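Asker:
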Amino acid sequence: MTAGPAPLAGRTIVVTRARHQARELTSLLEAAGAEVLEFPVIKTVDPDDWSPTDEAIRNLEVYDWVVFTSANAVRCFFDRMAHNDADARQLAGCRVAAVGTSTAARLVDCGIQADYIPDEFRAEGLVEGFLERGVGQGTRVLVPRALEAREVLPDTLRTHGAIVDVAPVYRTVTGDGDSGALARMAVGEVDVVTFTSPSTVRNFLVLVADTPARGVFARAALASIGPVTSDAARVAGLEVAIEAEPYTAPGLVDAIVCWMESAG
Numbered sequence: 004m005t006a007g008p009a010p011l012a013g014r015t016i017v018v019t020r021a022r023h024q025a026r027e028l029t030s031l032l033e034a035a036g037a038e039v040l041e042f043p044v045i046k047t048v049d050p051d052d053w054s055p056t057d058e059a060i061r062n063l064e065v066y067d068w069v070v071f072t073s074a075n076a077v078r079c080f081f082d083r084m085a086h087n088d089a090d091a092r093q094l095a096g097c098r099v100a101a102v103g104t105s106t107a108a109r110l111v112d113c114g115i116q117a118d119y120i121p122d123e124f125r126a127e128g129l130v131e132g133f134l135e136r137g138v139g140q141g142t143r144v145l146v147p148r149a150l151e152a153r154e155v156l157p158d159t160l161r162t163h164g165a166i167v168d169v170a171p172v173y174r175t176v177t178g179d180g181d182s183g184a185l186a187r188m189a190v191g192e193v194d195v196v197t198f199t200s201p202s203t204v205r206n207f208l209v210l211v212a213d214t215p216a217r218g219v220f221a222r223a224a225l226a227s228i229g230p231v232t233s234d235a236a237r238v239a240g241l242e243v244a245i246e247a248e249p250y251t252a253p254g255l256v257d258a259i260v261c262w263m264e265s266a267g
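Per the numbering used here, the sequence shown starts with residue 4, numbered consecutively.
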């Protein structure tokens with residue numbers, strides 16, 4: 004952080020990530036002096052059908068690439084590998100890609116060093132990098148991911164001749180929020196609400212829909228981790244004041260600090 008000591012002192016910021024994922028962002032904001040209200044709007048649960056993933060795990064040797072688009076995907080995929088008496092050794096013949104530094108770090112925790120981490124932490128940027136690395140006609144690609152994830156990555160790779168299998172390893176449902184944070188939002192005691200994925204935007208709006216907290220955006224700024232999340236917010240009729248660059252938790256905190264400083 005380059006903005007000086009405690010640049011967010013006196014500010015109250017809402018973190019909407021799932022509780023098990025919120026620690027990094029919460030810690031960074033607190034280190035910058037902010038009071039953080041965790042309001043988890045997402046929970047991850049098992050997919051209804053594990054059979055596509057189990058089949059992929061049994062046949063990992065056929066894939067040229069395995070692509071992880073989130074830290075959740077890494078965690079859930081390796082948990083399912085363990086359920087199938089498999090481990091990181093089954094990936095020895097594959098190249099592995101990670102979207103984002105947190106995803107890559109989670110892979111390292113599982114004993115895997117990513118072969119490719121795109122400079123742009125979006126599916127669109129990842130596709131370009133794949134093509135530069137020779138992915139094309141007949142390349143076998145496995146994408147373990149959320150059940151309801153965007154189709155940009157698999158569909159675009161398929162248009163270039165790749166054979167892409169999607170393995171759902173979790174699905175997201177609306178979280179429980181937090182009654183204390185809801186009350187603070189309702190009385191205007193929040194400066195910034197952070198969103199780290201399109202689903203955090205959608206689920207947040209569901210949780211505040213019939214409460215006084217639905218007016219939070221009349222007083223608080225919306226901070227987005229990147230363009231995909233920002234687009235989802237705008238589609239929902241929200242104004243995005245802050246957007247991270249790079250699209251990471253540290254990037255989001257830095258963007259909030261810069262915005263606060265410029266806003267006075």
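The C-beta atom is built at its ideal place from N, Cα and C for all residues, glycine as well. Being a predicted model, the structure only gives us computed values, none of them experimental.
Roughly how many angstroms separate the alpha carbons of D181 and A244, rounded to a whole number?
Answerer: Counting only the Cα atoms, A244 lies some 24 Å from D181.
Asker: Would a C-beta distance cut-off of 8 Å place V146 and A170 closer than the cut-off?
Answerer: yes
Asker: Relative to the C-alpha of R98, which residue among A85, R109, A89 and V70 is closest?
Answerer: V70
Asker: Rank Y66, T47, L94 and D52 by C-alpha distance to the C-alpha of A74 and give the top, closest one.
Answerer: T47
Asker: What is the rounded straight-line gap between the Cα of P253 and the Cα of T104?
Answerer: 11 Å
Asker: Contact between the segment 190-204 and the segment 234-249 is defined here as three or more beta-carbon pairs at a separation below 8 Å; is this criterion met?
Answerer: Contact between the segment 190-204 and the segment 234-249 is present: three or more C-beta pairs spanning the two stretches fall below 8 Å.
Asker: How should S54 be labelled, buried or exposed, when 16 other C-beta atoms within 10 angstroms of its C-beta is the threshold for buried?
Answerer: exposed
Asker: Let me know the beta strand (DSSP E) ranges lying completely inside the segment 94-153, each 3 residues or longer, listed in chain order.
Answerer: Runs of the beta strand (DSSP E) lying entirely within the segment 94-153 and spanning at least 3 residues, in chain order: 98-101 and 143-149.
Asker: How far does the beta strand (DSSP E) with P43 in it reach, from first residue to last?
Answerer: No beta strand (DSSP E) contains P43, which DSSP labels as neither H nor E.
Asker: Check for me: the alpha helix (DSSP H) holding A171 runs from which residue to which?
Answerer: This sequence places Pro at residue 171; Ala is not what is there. Segment I166 to T177 is the beta strand (DSSP E) holding P171; no alpha helix (DSSP H) there.
Asker: Over what stretch of residues does the beta strand (DSSP E) that includes S227 continue unbroken?
Answerer: A224 to S227
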